[in-house]
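Just below is one structure, and these are the notes that go with it.
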Amino acid sequence: MALKVELKPGERIIIGDSVITNDNQRTRLFIEGQAPILREKDILTPATADTPAKRVYLAVQLMYLSTDLEKIKEDYFTLVNDIVKAAPSTIPYVTRISNSILSGSFYKALKEARKLIEYEGTLISHVQTGSSGLPENSTGGSGVTKRAGSESADEGRSPAPADQG
């Protein structure tokens, strides 16, 4: 089944290693294949990755779009080790992101990294308000995810229609 993507006027999307810019009217695309796909609203740049969680998202994004993963994986694991040391309450988020990466589900890892960014925002606002204790993390579970290799590697390269749109 094809992925349906609707683009607003002027909106951009990355498909594989190409950037596609929509013209001046709304457009609907049906995309089939295994290329990585990212909408403009989901793309971070080094300039916009201004927090530790956003830098993790950027590393996952680069893994999703790249064919050479090893250097990016090294950077990713350094970043998540720093985050976990600074805020151990992020472990469930980092675990889900890492398990998705190890199983080749990079798009799923991006979605989990987005949740880490939201949680980081909650932590920061909690600190700024001077509240005591940590906010409860809304992970919806124990943080334990599927074993690496329990999902197909293709899942990470081609999001399901419900994942994007």
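To convert, note that position 67 of the sequence shown is 67 in the working numbering; the numbers rise steadily by one, no gaps. Where is the CB? At the ideal position from N, CA and C, for every residue including glycine.
Cβ-Cβ separation, residue j to residue i (assumed contact under 8 Å), whole Å
{"i": "residue 37", "j": "residue 15", "result": "5 Å"}
{"i": "residue 100", "j": "residue 108", "result": "4 Å"}
{"i": "residue 60", "j": "residue 113", "result": "5 Å"}
Candidates the options, of which the one nearest residue i by Cα
{"i": "residue 78", "options": "108, 115, 94", "result": "94"}
{"i": "residue 120", "options": "70, 7, 2, 86", "result": "86"}
{"i": "residue 27", "options": "33, 11, 40", "result": "11"}
{"i": "residue 111", "options": "35, 31, 39", "result": "39"}
Sequence-distant residues of its chain with Cβ nearer than 7 Å to residue i (five each side left out)
{"i": "residue 117", "result": "53, 54, 57"}
Cut-off 6 Å between Cβ atoms - residues of its own chain near residue i, not counting five sequence neighbours on either side
{"i": "residue 29", "result": "5"}
{"i": "residue 20", "result": "13"}
Neighbourhood of residue i by C-beta, 8 Å cutoff - its chain only, sequence neighbours within 5 removed
{"i": "residue 25", "result": "9"}
{"i": "residue 18", "result": "none"}
Range of the contiguous alpha helix (DSSP H) that encloses residue i
{"i": "residue 114", "result": "106–129"}
{"i": "residue 8", "result": "No alpha helix (DSSP H) holds residue 8; DSSP gives it neither H nor E."}
Residue span of the beta strand (DSSP E) that contains residue i, given as start and end
{"i": "residue 44", "result": "Looking at the DSSP string, residue 44 is not in any beta strand (DSSP E), and its letter there is neither H nor E."}
Residues bridged to residue i [DSSP beta-bridge criterion]
{"i": "residue 185", "result": "Examination of residue 185 is not possible in this model, given that the chain is present from 1 through 165 alone."}
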